[in-house]
Amino acid sequence: MKKQGTNLDRHCSPSERLPRRTTPKSRQDLPHSLGPDTLFIVTYMLQSTQSLSVAGRMMSAARKAHSQRVGDESYGLNSYLYKEEVKIPHKKKKRKRSTNRHDPQRKTNERGRVGNECGRTWSCEIEERHCQLEPDRFPMSDRSLPLGSPSSNRATLLSLRVSLSLSHSLSLFPREEEEEPVAAPLLSPPREMASHIVGYPRMGPKRELKFALESFWDGKSSAEDLQKVAADLRSSIWKQMADASIKYIPSNTFAYYDQVLDTTAMLGAVPPRYGWKGGEIGHDVYFSMARGNASVPAMEMTKWFDTNYHYIVPELGPDVKFSYASHKAVSEYKEAKALGVNTVPVLVGPVSYLLLSKPAKGVDKNFSLLSLLGKILPVYKEVISELKAAGASWIQFDEPTLVMDLDSHKLQAFTEAYSQLESSLSGLNVLIETYFADIPAEAYKVLTSLKGVTGFGFDLVRGTKTLDLIKGAFPKGKYLFAGVVDGRNIWANDLAASLSTLNALEGIVGKDKLVVSTSCSLLHTAVDLVNETKLDKEIKSWLAFAAQKVVEVNMLAKALAGQKDEAFFSANATAQASRKTSPRVINQAVQKAAALKGSDHRRATNVSARLDAQQKKLNLPILPTTTIGSFPQTVELRRVRREYKAKKISEDEYVKAIKEEINKVVKLQEELDIDVLVHGEPERNDMVEYFGEQLSGFAFTVNGWVQSYGSRCVKPPIIYGDVSRPKPMTVFWSSMAQSMTARPMKGMLTGPVTILNWSFVRNDQPRFETCYQIALAIKDEVEDLEKAGINVIQIDEAALREGLPLRKSEQAFYLEWAVHSFRITNCGVKDTTQIHTHMCYSHFNDIIHSIIDMDADVITIENSRSDEKLLSVFREGVKYGAGIGPGVYDIHSPRIPSTEEIADRVNKMLAVLEKNILWVNPDCGLKTRKYTEVKPALKNMVAAAKVLRTQLASTK
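Read in my numbering, the sequence shown has 340 at position 357, and its numbers run on one by one without any break.
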C-alpha cells in the first residue's frame, strides 16, 4: 500500500515527515491521522498577525484540560474560540459500542476530535511556532478561530503537541496488518521568535491617566473611577504587545505616580510623618508621600538617572520596619493573566532600590543604606513566592545602578542579594535588566556570575562598549536580552544595522538564547505615532514612538528567526536614506557659525564688578524677592491658546487676552511687593516647545506626551535639522510686561542645554554640535531683549545636571561643552544687564564648580524639597561669589508654607551664604499650582524676607 502524508508533509523535509498509515479522507479526518504511541500534531492556522492573544488563551485552556480523563466516548480537542472562551466540546452518541477496533464507527469523524479508548489518558504540551505559509495550503476549520484580515499572507502556527500516554498499545484507526510499526520522528520546529519590552508608557496615548489623576486629586471623581481608567490602560497595553507577538510582556511597570514609590509602598517603608499604621497602603498614604498634604511635605523628588523622568526618593534609616504592604505586583500579574496574557512581572531590584535611597531626616548622612539589604529581602521573598503561586514563569529585576561607577562593596551587595534570593527564585526564570549606559567591566563580571539568574538585559544603544564585553565572555546557557531598539528617542530603528548586530550576537550566545529587546523602558518616549495626523509626512517616516518600537522589536525577532518581512525592511531602509539626504536637515551657514573656533565666550568683567554695576542700576534691597517665571495656567488661559491655535479667535483677540493675563500677574506681584517681577508666561504652552516652535530645525507633535513626574507630562520637540532663529521670540511680550511696571521685569528664556536635553535630539551628529547651534540662536534673543530695555534676563538651565553622563570618565567633556553653551548665550551683554539662570530637581553638589564656571550673575536653584542638601556644599567651604537663590518652598506640593517656616529656611542659608548675594524665591515655576495656593505662599515668602531684613538691619 502506498503511504500518503497529510498536507502538513508538504511543508516538511522528507526526514521531518510523520509516517502515516492512513490517508485522511477529508479535512475532518486530518486530526486522526496518527500511528501508535506517537506524537500527534494538531495544527491551526492563525491568519492574522493580531491573533497572539487568542493563541495565548487557546494554549491556556489546553493546559487546563491536559489532565482530563477520557471516558468511553471520544472527547474532542477542538478549540472553538471567541473572546475569552476556549471550549472543548463533548458530544455523546447513544449507540452500541463496537468491539471491533477496525469498525469505522469507532473512528470519530467530528471536526477536530481526538479519539481515545476507555481508561486512556492524554496530555498536551503547547509550543508556538511561526512560519511563512500560504493560508490556503493548510486545512483549517472555519469555526476553529476568529480570523483576521484575509489579505494577510503571514501565518502563525500553533502546534498542540498531544502526547498519548497509554497503558498498552493503542491503535485508533485501521492499519494494514502486514505493516510494521514505524517510530515517528519529531518535527524540527521553525525558529521561535523571542522578543521583549523592558517597560511601556503609562499615561496613555491621550494622557488618560493624567486627567484621571487630577480629577481624583481635585475630588471630582472617585477612587473607583481612577482605578477603572488605570485598568483599561493596562489592559490595552498588554493586549497591544500580545497582538504584536511580543513574547516577554512586562507587568507592574504601570504606576499611579512612580515605580520607585511603588517599591517603597511594597516594602512598607513609609516615613513616620504620614501616619501610616500598617496594612495595605492605599491612595491617601501613597499620594501624600508623592505630593505632600495640608500638614506634611512630600518626599524628595529627583531625576531618574540622566532622564527627564523624576522619581520619589526613599527615606531610610536603621529604625525602618519593613513589611509587605502593597501587593500591586502580584495583583497586576493576575490581572493580565485573567485577560489571557502571561506577563513578566517587573520589580525594582533590591540593591538599586537601596542605592537610589537617602538617609532619612535625623539619620547620620554616612549611614550605610546597603546595611538594610537583609531587612528588605524577606519582603522580596514574599513577593516572589506569591508570583510563583500565581503562575509566573519569569521575573524581571531592574538593576540600572549597575551601569554606575560602583565600588567593590556596592558590587558585592548584588552577589549577596541574589545569593539570598536564590532558593526563593528556584523554579523561576530570572532576568536582570540594566540600561542607560555601558556596564563597567567589573560590574559585568559580577552580574554575569550571579546565582539563580537566567538572563541579562543590556542597553546596546547607549552602551555600545558592552558589546565588547559580551563578545569577550558571555555565560554559557544564559539568555541575552539585547536592547537594540532605542527606548529614549523617537527615531526609527536602523533595522539593517540592528539585525547585523543581532546576527553577530547570535553566534556568541546561541540561536535559542538571544532575545530582541528595547534599550530601556519605553516610558521615556512618546506613545503612538498614529495619533500624529498633522506631522510632515517625510519627517513622520523617520520616526517611531513606543507603539512603533514594539513592532520594530517584533520585526527584528522575526527576521532573526528566518521570517524577515522584506517589505517592512525595505520601507525602513528607504526612510533611513531619505533622512540622510534631505535638504531640510543641513544648513551650511549654521554649521559654519557653530564651529566656534578660538573663544571660550566669557564676559569681559568678573562677576563681583558686574554685581556692583547692576545694583547701582536696579537698586534692590537686601534679600531681594522674585519668582522663577511661570504663574498658574488656568483653564481659561489654556482655552484662549487652544482657540487661537485652532483659528477660532483672531490674533487681535488673542493678544488682548494674553495682555490682560500679563497685567493681572504684574499687578498681583506689585501688591505682594515682590522686587523683581516676571510676566507669568501666559503665552507659553511649555518652556521648551514654545521656543522650538520659533526655531528652524524643529518639528512638533500633537500627542507626543512623555511623563516627567506624577501627572506632569511634557511634549518634547523633535530636533531633526540644523537650528537657527529666524526672528525674535519673546521681545514683544517682555517689552509689553516691562511697560506695565517700574520694577525690573525679567526676560524669560530657556537655555540651550535644557532645550537640548528636553527634546528628542537628532542622532546623526554629536549632541554638542546641536547644542552650540541652539546657543547661538538664544544669544541673538538675549541681545535683542537687552536692546529692548530688559535689564534682567533669565536663561533657565533646569536640565543641565540631567544630561550629565552616568560614567565619571565621560562627565568632564559633557560639562565643558554644556557650560560653554550657556556662556555663549550671554557673552555679549553689558555689565549692567543681570543674567540669571535656574536649575531644579537634581543633585548639584558634585557639579558646583561647573555651576560657578557658568558665570551667571544670579542662580536660583531648587533646595527645599531636597531637605536643603544644596547648602551642605557651602558648609563644606565652597565659596560662591555670585547671587544665589536656594528655593524656600516646594511648589510641587499644594501645601502652603508659613512665614515662620520660610524665615527659618532663609536663616539656615544665611549661616553659610553672605546676605548681599542671597535671593528669596520658590523652588521652581508656579505653572502647575492654583492661585488659591500661590497667593498665600508668595505673601508668606515676602513677609519672611521683610522680617529678616528688619532683623539684619537691627543686628548691623
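Idealized CB from N, CA, C, for every residue including glycine. Note that the coordinates shown come from a computational prediction; the quantities given were computed from them, not determined experimentally.
C-alpha gap between Y755 and P749, whole angstroms: 11 Å
L655, enclosing alpha helix (DSSP H) - first and last residue: E634 to L655
Validate contact between the segment 246 to 262 and the segment 568 to 588 using beta carbons, cut 8 Å, 3 pairs: No, the segment 246 to 262 is not in contact with the segment 568 to 588.
7 Å Cβ shell around T724 - same chain, five flanking residues per side excluded: V649, E653 and L660
Continuous alpha helix (DSSP H) stretch holding E619: start and end: V618 to K628
Own chain partners of F194 with C-beta closer than 6 Å, once the 5 adjacent residues on each side are dropped: none
Continuous beta strand (DSSP E) stretch holding N472: start and end: That residue, N472, is in no beta strand (DSSP E); it is neither H nor E in DSSP.
Sub-9 Å separation of A865 and V895 beta-carbons: The Cβ-Cβ distance between A865 and V895 does not fall below 9 Å.
Reduced DSSP category for S691 - H, G, I as helix; E, B as strand; rest coil: strand
For V181 and A373, the rounded distance between their alpha carbons: 21 Å
Through-space distance from R621 to K647, alpha-carbon basis: Going by the C-alpha atoms only, they are around 16 Å apart.
Identified DSSP bridge partners for T820: Answer by DSSP bridge pairing, in chain order: I842.
Distance between beta carbons of V498 and A465, contact taken as under 8 Å: 7 Å
Candidates S271, S351, I367 and H832, of which the one nearest A312 by Cα: Closest option to A312, Cα to Cα, is I367.
Under the three-state DSSP convention, the category E369 falls into: helix
Cβ-Cβ separation, I473 to G440 (assumed contact under 8 Å), whole Å: 21 Å between Cβ atoms; not a contact.
Nearest candidate by alpha-carbon position, reference E405, set L512, K203 and P361: Selected option, being the one with the closest Cα: P361.
First and last residue of the uninterrupted beta strand (DSSP E) at W800: No beta strand (DSSP E) contains W800, which is instead part of the alpha helix (DSSP H) from Q794 to N809.
Same chain, Cβ closer than 8 Å to T447, neighbours up to 5 away in sequence not counted: D421
Between the CA atoms of P880 and A277 - distance to the nearest angstrom: 10 Å
Beta-ladder partner(s) of Y231, from DSSP: H179
Reference I229, options I761, R667, A839 and K532, closest by Cα: Ranking the options by Cα distance to I229, first place goes to K532.
F681 - partner residues in DSSP beta bridges: For F681, which the question treats as bridged, DSSP gives the partners I702.
For L594 and M249, the rounded distance between their alpha carbons: 51 Å
N740, buried or exposed, once every other Cβ within 10 Å from all chains shown has been counted against 16: buried
Cβ-Cβ distance between D511 and F528 below 9 Å: yes
Alpha-carbon to alpha-carbon, H821 and K922: Each residue's alpha carbon lies about 22 Å from the other.
Short Cβ contact (9 Å threshold) for D658 with T609: yes
As assigned by DSSP and simplified to three states, the class of K189: coil
Coarse secondary structure for G410, derived from DSSP in three states: coil
Exposed unless 16 or more other CB atoms sit within 10 angstroms - verdict on T449: buried
DSSP-derived helix/strand/coil call for H584: coil
Inter-residue Cα distance where the pair is N809 and C696: 30 Å
Burial state of L64, where buried means 16 or more other Cβ atoms lie within 10 Å: Caution is warranted here: a pLDDT of 27 is assigned to L64, below 50, making its placement in the model unreliable, and the coordinate value is therefore given only provisionally. The residue in question, L64, is buried, as its Cβ has 16 or more Cβ neighbours within 10 Å.
Cβ distance (whole Å) where G410 is taken to contact K348 below 8 Å: Actually they are not in contact, since the Cβ atoms of G410 and K348 sit about 41 Å apart, beyond 8 Å.
Simplified DSSP state of E382, which is helix, strand or coil: coil
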